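Q: Protein sequences, first through last, are from chains A and B.
Be aware that the first sequence starts at 280, since it is given in our numbering, and climbs by one per residue.
Be aware that the second sequence starts at 490, since it is given in our numbering, and climbs by one per residue.
Heads up, the beta-carbon is just placed ideally off N, CA and C, and yes, glycines get one too.
A quick note: this is a predicted structure, and the numbers were derived from the prediction, not measured.
Structure in structure tokens, see below.
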Amino acid sequence: MNTNVETFKYDNRIVRAFAIATIVWGVVGMAVGLLAAVQLFLPEANLNLQFITFGRIRPLHTNAVIFAFVGNGMFTGIYYSLQRLCKARMFSDFLSWFNFWGWQLIIVSAALTLPLGFTTSKEYAELEWPIDIAITVVWVAFAVNLFGTIVKRREQHMYVAIWFYIATVVTIAVLHIVNSMEMPWSGLKSYSMYAGVQDALVQWWYGHNAVAFFLTTPYLGLMYYFLPKAANRPVFSYRLSVIHFWALIFLYIWAGPHHLLYTALPDWAQSLGMLFSLMLIAPSWGGTLNGLLTLRGAWDKVRQDPMLKFMVAAVTAYGMATLEGPALSIKSVNSLSHYTDWTVAHAHTGALGWNGFLTFSMLYWLFPVLYRTKLWSVKLANYHFWISLLGVIFYVIPIYIAGVTEGLMWKQFTKDGFLQYPNFLETIVQVVPMFRLRAIGGTLYILGVLLMVYNLYRTAKSGKFEPDTVAQAAPRANHAAVAGKTTFHRLLEGKPLFFTVLAVVAILIGGIVEVIPMYLIKENVPTIASVKPYTPLEVMGRDIYIREGCLGCHSQMIRPFRSETERYGEYSKAGEFVYDHPFLWGSERKGPDLAREGGRYPDAWHFNHMDDPRSTSPGSIMPRYSWLLTQPLDTNSLPARLKALRKVGVPYPAGYENGPAQKDLVAQATRVVQNLKQGAVTAESDREIIALIAYLQRLGTDIKPAPAAAAAPSSFE
Amino acid sequence: MIEKIINGIHGVRNYGVISICILFACFIGTVIWAFTRKKHYLTRMSALPLNDGSKSGDLTDNHRP
Chain A
280 MNTNVETFKY
290 DNRIVRAFAI
300 ATIVWGVVGM
310 AVGLLAAVQL
320 FLPEANLNLQ
330 FITFGRIRPL
340 HTNAVIFAFV
350 GNGMFTGIYY
360 SLQRLCKARM
370 FSDFLSWFNF
380 WGWQLIIVSA
390 ALTLPLGFTT
400 SKEYAELEWP
410 IDIAITVVWV
420 AFAVNLFGTI
430 VKRREQHMYV
440 AIWFYIATVV
450 TIAVLHIVNS
460 MEMPWSGLKS
470 YSMYAGVQDA
480 LVQWWYGHNA
490 VAFFLTTPYL
500 GLMYYFLPKA
510 ANRPVFSYRL
520 SVIHFWALIF
530 LYIWAGPHHL
540 LYTALPDWAQ
550 SLGMLFSLML
560 IAPSWGGTLN
570 GLLTLRGAWD
580 KVRQDPMLKF
590 MVAAVTAYGM
600 ATLEGPALSI
610 KSVNSLSHYT
620 DWTVAHAHTG
630 ALGWNGFLTF
640 SMLYWLFPVL
650 YRTKLWSVKL
660 ANYHFWISLL
670 GVIFYVIPIY
680 IAGVTEGLMW
690 KQFTKDGFLQ
700 YPNFLETIVQ
710 VVPMFRLRAI
720 GGTLYILGVL
730 LMVYNLYRTA
740 KSGKFEPDTV
750 AQAAPRANHA
760 AVAGKTTFHR
770 LLEGKPLFFT
780 VLAVVAILIG
790 GIVEVIPMYL
800 IKENVPTIAS
810 VKPYTPLEVM
820 GRDIYIREGC
830 LGCHSQMIRP
840 FRSETERYGE
850 YSKAGEFVYD
860 HPFLWGSERK
870 GPDLAREGGR
880 YPDAWHFNHM
890 DDPRSTSPGS
900 IMPRYSWLLT
910 QPLDTNSLPA
920 RLKALRKVGV
930 PYPAGYENGP
940 AQKDLVAQAT
950 RVVQNLKQGA
960 VTAESDREII
970 ALIAYLQRLG
980 TDIKPAPAAA
990 AAPSSFE
Chain B
490 MIEKIINGIH
500 GVRNYGVISI
510 CILFACFIGT
520 VIWAFTRKKH
530 YLTRMSALPL
540 NDGSKSGDLT
550 DNHRP
């Protein structure tokens with residue numbers, strides 16, 4: 280036995296910094312979510328300000344709670360537990376603080392750019408290209424710091440929580456880089472390198488695995504560390520935790536296609552995604568049971584201990600969400616649930632229950648430890664638990680009801696074979712009361728969080744912060760020298776690089792099935808002869824559509840169901856999207872699908888509708904977009920936009936952007952203004968609304984005869 | 490239409506079958522690996538979070554009444 284004990288210090292400052300950031304961004308992110316929720320029954324809550332309108336703040340909310348709240352929570356837990364599991368200070372204090380300030384800067388950039396309308400529109404990857412580069416740099420710094428700490432560790436073995444951290448670091452790096460390939464056309468705007476179906480495949484491969492490897496695997500690592508701490512007893516089964524890890528990371532990466540069921544993705548890929556999603560139940564529930572059984576013999580403590588209460592509720596929510604997720608992946612269930620609020624309810628069971636409660640549990644445990652004191656008020660923490668639990672219930676149950684109601688109403692036919700609810704608005708008006716109840720649930724949840732903020736503040740005031748914790752451990756002995764031989768197990772735990780390579784192979788095997796079609800598809804999709812690139816004015820309009828976050832409520836993907844083709848028209852074809860950089864299929868319908876919107880209404884209807892949706896559609900919950908009527912169209916950037924689009928494969932002729940494009944734009948804008956005049960609307964041709972109308976009138980018209988209003992021959996055709 | 494395109498990629502249907510075989514083999518390997526660990530190793534590993542080597546201790550109970 281090695282008696283050469285070394286004394287060293289754990290860095291608590293970085294843990295405290297991340298913990299405070301978690302709380303601050305948590306409150307901000309949830310408050311933004313509440314504002315978005317209120318706008319769904321009170322559109323005027325945007326105060327007619329474009330910067331806080333639903334379409335722009337929905338991505339702000341999702342980014343804030345995922346990357347700012349959970350992201351900082353993840354760093355808090357990893358920076359605390361990694362040092363202690365490795366019995367070593369972090370590899371580099373500089374990298375720790377680079378990670379911290381870099382991440383906060385990224386969050387601030389997101390908080391500024393998203394309300395300003397700088398978005399890629401790809402869900403959970405909305406941040407634009409300079410921020411994407413910053414994320415890569417900060418993530419690499421985090422990875423170096425993590426691996427450096429693992430390499431210099433004193434503990435012989437790598438605890439399973441560290442395995443989860445490694446899987447998180449490498450997989451998020453792969454996902455982020457592949458999904459963020461884009462062609463900049465200005466300092467803050469870009470077009471996706473991929474188009475249409477290919478873009479959708481990449482995005483949902485990323486999107487699903489962002490949930491898996493940002494919201495799940497790091498938090499499972501935290502569960503495996505903090506749950507034994509809280510219960511003061513060992514993990515129920517270490518064997519099970521190992522099987523949980525490998526099975527989970529292997530299976531998770533395959534499940535992405537369940538986001539694209541009944542779209543243009545081939546059936547075998549959809550079935551594979553569904554099958555692997557169903558299999559995910561096994562490792563997920565293995566982990567859930569392992570967590571809950573760790574509390575065997577300690578359930579009496581749960582009654583008194585708010586930290587354990589939150590932990591038990593978090594693990595239970597994980598179990599529920601991971602049962603529901605596979606259920607939603609079954610194609611027949613998905614045909615009902617997709618595009619409805621059911622998905623929103625599912626996401627929030629995971630976000631509020633699993634991520635939120637586990638974070639609160641960790642914070643209630645950490646603050647007294649960091650400040651060497653007792654929690655200021657256990658009673659208040661218990662109030663927090665019950666209020667927030669009530670908040671979760673009030674949130675998800677109405678939204679489940681809303682989701683199922685929407686799905687059923689969209690599909691309901693009369694006995695004569697006509698749609699029972701042909702007006703989409705009817706189906707949304709029906710669930711508005713549920714949106715109100717949801718906002719009450721969200722309010723309760725935030726109230727609970729505010730109680731926590733006060734409690735933790737008082738806890739900090741009552742103690743004295745310990746910036747460094749002194750610890751002792753023997754240096755790590757040479758494995759081979761100790762054992763006399765190198766086994767696979769020693770290789771696995773002794774060489775983090777070898778372990779990392781195995782983890783990467785595990786995620787790539789699954790990824791390849793999705794990655795190969797994704798790369799081959801572009802060369803293999805024949806263009807439909809009648810599908811042409813967007814005209815310059817339509818490009819400008821499409822960019823406004825992206826800026827305003829219209830796809831937050833409107834899909835552009837008609838599934839091959841009679842209930843959809845009756846309502847919207849011909850189902851969507853892959854070849855229709857070959858010039859769509861990025862794709863705009865959307866994932867939710869708070870308004871009707873727009874894939875065949877072109878020619879459905881006159882230009883004047885769109886003008887009036889954008890100015891005040893309730894003037895044309897009484898009862899609509901869509902916000903007013905009156906600023907589009909007055910804001911001038913930024914035509915100076917047109918050449919840069921067209922050049923960038925040509926670089927990613929849109930066949931605009933060389934030099935088209937230098938002159939002819941501007942002429943085409945003006946000519947089409949003039950036609951739109953004339954059409955508006957026929958509808959008794961007077962408008963200037965150089966306003967944003969003109970471009971948006973041109974784009975909306977183009978949608979879906981490539982494969983159906985376009986009315987005269989939308990026809991816009993360009994000199995490149 | 491896109492189904493025909495992807496299904497036309499040479500041998501693409503085999504990807505799924507091969508992948509499921511690899512998954513099954515990996516799973517069996519993991520289970521064998523887990524069940525051949527010695528008891529003292531498993532006992533030590535499952536209790537690893539409880540021993541962080543700090544001199545001052547964790548104050549594990551300081552969030553309880």
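Go ahead and pull the three-state DSSP assignment for residue 287 of chain A.
A: Here the question's residue 287 of chain A lines up with position 8 in the first sequence. It is a strand residue.
Q: Could you name each continuous alpha helix (DSSP H) segment of 4 residues or more that falls completely within the stretch 552 to 619 of chain A, going from the start of the chain to the end?
A: 560 to 572, 578 to 583, 585 to 608, 610 to 616
Q: Pull up the CB-CB distance for residue 407 of chain A and residue 469 of chain A, whole angstroms please, since I reckon it's below 8 Å.
A: As a working note, residue 407 of chain A is residue 128 in the first sequence. As a working note, residue 469 of chain A is residue 190 in the first sequence. Sure, about 6 Å apart at Cβ, within 8 Å.
Q: With a 10 Å radius around its C-beta and 16 neighbouring C-beta atoms as the bar for buried, classify residue 827 of chain A as buried or exposed.
A: Translated into positions along the first sequence, residue 827 of chain A becomes position 548. Burial call: buried.
Q: When you compare the CB of residue 455 of chain A with every CB in chain C, is at least one pair closer than 8 Å?
A: Annotation note: the requested chain C is absent from the structure, which comprises protein chains A and B.
Q: Looking only at its chain, what residues have a beta carbon closer than 7 Å to the beta carbon of residue 717 of chain A, apart from the 5 residues adjacent to it on each side?
A: Here residue 717 of chain A is taken as the residue at index 438 of the first sequence, counted from 1. Cβ within range, chain order: 316, 674, 677, 678.
Q: Rounded to the nearest angstrom, what separates residue 686 of chain A and residue 500 of chain A at their Cα positions?
A: Working through the first sequence from its first residue, we reach residue 686 of chain A at position 407. Working through the first sequence from its first residue, we reach residue 500 of chain A at position 221. For the pair residue 686 of chain A and residue 500 of chain A, the Cα-to-Cα distance works out to about 36 Å.
Q: Counting only beta-carbon separations shorter than 8 Å, does residue 521 of chain B have a partner in chain A?
A: Within the second sequence, residue 521 of chain B is the residue found at index 32, counting from 1. Not an interface residue.
Q: If you draw a straight line from the alpha carbon of residue 956 of chain A to that of residue 969 of chain A, how long is it in whole angstroms?
A: Translated into positions along the first sequence, residue 956 of chain A becomes position 677. Translated into positions along the first sequence, residue 969 of chain A becomes position 690. Answer to the nearest angstrom: the Cα atoms are 12 Å apart.
Q: Hey, does residue 748 of chain A have any beta-carbon neighbour from chain B nearer than 8 Å?
A: Residue numbering aside, residue 748 of chain A sits at position 469 when the first sequence is read from its first letter. Output row for residue 748 of chain A: interface = yes.
Q: Considering just the uninterrupted stretch of the beta strand (DSSP E) at residue 747 of chain A, what are its terminal residues?
A: Translated into the one-based positions of the first sequence, residue 747 of chain A becomes position 468. Taken as a continuous stretch (DSSP letters only), the beta strand (DSSP E) holding residue 747 of chain A covers 747 to 752.
Q: Restricting to Cα atoms, I'd like to know which of A:354, A:975, A:314, A:837 is closest to residue 825 of chain A.
A: The residue labelled residue 825 of chain A in the question sits at position 546 within the first sequence. Out of A:354, A:975, A:314, A:837, A:975 has the C-alpha closest to the C-alpha of residue 825 of chain A.
Q: May I have the straight-line CA-CA distance separating residue 669 of chain A from residue 627 of chain A, to the nearest angstrom?
A: For this step, residue 669 of chain A is matched to residue 390 along the first sequence. For this step, residue 627 of chain A is matched to residue 348 along the first sequence. Cα to Cα, the separation comes out at about 14 Å.
Q: Which two residues bound the contiguous alpha helix (DSSP H) that contains residue 402 of chain A?
A: Looking up residue 402 of chain A in the first sequence gives position 123. Taken as a continuous stretch (DSSP letters only), residue 402 of chain A belongs to no alpha helix (DSSP H), as it is neither H nor E.
Q: Would you say the stretch 606 to 618 of chain A touches the stretch 653 to 667 of chain A, given that touching needs at least three Cβ pairs under 8 Å?
A: no
Q: Measure the C-alpha to C-alpha separation of residue 397 of chain A and residue 860 of chain A and round it to an integer number of angstroms.
A: Here the question's residue 397 of chain A lines up with position 118 in the first sequence. Here the question's residue 860 of chain A lines up with position 581 in the first sequence. Those two C-alpha atoms are separated by around 15 Å.
Q: Could you give the C-beta distance for residue 313 of chain A and residue 361 of chain A, rounded to a whole number, given that I count them as a contact under 8 Å?
A: Here residue 313 of chain A is taken as the residue at index 34 of the first sequence, counted from 1. Here residue 361 of chain A is taken as the residue at index 82 of the first sequence, counted from 1. Wrong, their Cβ atoms sit about 34 Å apart, outside the cutoff.
Q: Please report the distance separating the alpha-carbon of residue 508 of chain A from that of residue 514 of chain A.
A: As a first step, residue 508 of chain A is located in the first sequence; it is residue number 229 there, counting from the start. As a first step, residue 514 of chain A is located in the first sequence; it is residue number 235 there, counting from the start. For residue 508 of chain A and residue 514 of chain A, the distance between alpha carbons rounds to 9 Å.
Q: Have a look at residue 595 of chain A and residue 821 of chain A and give me their C-alpha separation to the nearest angstrom.
A: For the purposes of this step, residue 595 of chain A is taken as residue 316 along the first sequence, with counting starting at 1. For the purposes of this step, residue 821 of chain A is taken as residue 542 along the first sequence, with counting starting at 1. Approximately 43 Å between the Cα atoms of the pair.
Q: Rounded to the nearest angstrom, how far is the Cβ of residue 522 of chain A from that of residue 514 of chain B, given a contact under 8 Å?
A: In the first sequence, counting from the first residue as 1, residue 522 of chain A sits at position 243. In the second sequence, counting from the first residue as 1, residue 514 of chain B sits at position 25. With a Cβ gap of about 14 Å, residue 522 of chain A and residue 514 of chain B do not count as contacting.
Q: Compare the C-beta of residue 578 of chain A with all C-beta atoms of chain B and state if any pair is closer than 8 Å.
A: Here the question's residue 578 of chain A lines up with position 299 in the first sequence. No, because no Cβ of chain B sits closer than 8 Å to the Cβ of residue 578 of chain A.
Q: Whose C-beta lies closer than 7 Å to the C-beta of residue 625 of chain A among residues of the same chain, with five residues either side of it excluded?
A: Position 346 of the first sequence, counted from the first residue, corresponds to residue 625 of chain A. Closer than 7 Å at the Cβ level, and outside the excluded window around residue 625 of chain A, lie 600, 603, 604, 607.
Q: Give the straight-line distance between the Cα atoms of residue 846 of chain A and residue 577 of chain A, rounded to the nearest whole angstrom.
A: As a working note, residue 846 of chain A is residue 567 in the first sequence. As a working note, residue 577 of chain A is residue 298 in the first sequence. Taken atom to atom, the span from the alpha-carbon of residue 846 of chain A to that of residue 577 of chain A is near 56 Å.
Q: Any idea which residues DSSP pairs residue 966 of chain A with across the strands?
A: Looking up residue 966 of chain A in the first sequence gives position 687. Note: residue 966 of chain A sits in a beta bridge opposite A:911.
Q: Under the three-state reduction of DSSP, which class applies to residue 504 of chain A: helix, strand or coil?
A: Position 225 of the first sequence holds residue 504 of chain A. Three-state DSSP puts residue 504 of chain A in a helix.
Q: Three or more C-beta pairs under 8 Å: does that hold for the stretch 284 to 293 of chain A against the stretch 365 to 374 of chain A?
A: Counting Cβ pairs under 8 Å, three or more are found: they touch.
Q: Is residue 530 of chain A closer than 8 Å to residue 559 of chain A when the C-beta atoms are compared?
A: Indexing the first sequence from 1 puts residue 559 of chain A at position 280. Indexing the first sequence from 1 puts residue 530 of chain A at position 251. Taking a C-beta distance under 8 Å as the contact criterion, residue 559 of chain A and residue 530 of chain A qualify as a contact pair.
Q: Note down, one range per segment and in chain order, each alpha helix (DSSP H) of at least 4 residues found wholly within the stretch 436 to 468 of chain A.
A: Correct list: 439 to 458.
Q: Would you tell me roughly how many angstroms separate the C-alpha atoms of residue 519 of chain A and residue 527 of chain A, rounded to the nearest one?
A: Against the first sequence, residue 519 of chain A aligns to sequence position 240. Against the first sequence, residue 527 of chain A aligns to sequence position 248. Their backbone Cα atoms lie some 12 Å apart in a straight line.
Q: If we call anything under 8 Å between Cβ atoms a contact, is residue 641 of chain A one with residue 506 of chain A?
A: The sequence position of residue 641 of chain A within the first sequence is 362, counting from 1. The sequence position of residue 506 of chain A within the first sequence is 227, counting from 1. No, Cβ-Cβ distance for residue 641 of chain A and residue 506 of chain A is not below 8 Å.
Q: Please go through the stretch 868 to 921 of chain A and give each complete alpha helix (DSSP H) segment of 4 or more residues, from N-terminal end onward.
A: 882 to 890, 892 to 895, 906 to 909
Q: Three or more beta-carbon pairs under 8 Å between the stretch 921 to 932 of chain A and the stretch 350 to 357 of chain A, yes or no?
A: no
Q: Give me the DSSP bridge partner(s) of residue 668 of chain A.
A: Residue 668 of chain A sits at position 389 when you count from the first residue of the first sequence. Note: residue 668 of chain A sits in no beta bridge, so no partner.
Q: Between residue 536 of chain A and residue 913 of chain A, what straight-line distance do the alpha-carbon atoms span, to the nearest angstrom?
A: Your numbering for residue 536 of chain A matches position 257 in the first sequence. Your numbering for residue 913 of chain A matches position 634 in the first sequence. Looking at the two C-alpha atoms, the distance is approximately 38 Å.
Q: Between the Cα of residue 348 of chain A and those of A:899, A:637, A:586, A:481, spot the shortest distance and give me the residue it belongs to.
A: As a first step, residue 348 of chain A must be located in the first sequence, where it is residue number 69. Comparing Cα positions, the closest option is A:637.
Q: Output, in sequence order along the chain, the residues in the stretch 477 to 504 of chain A whose CB is closer than 9 Å to any CB in chain B.
A: 503, 504
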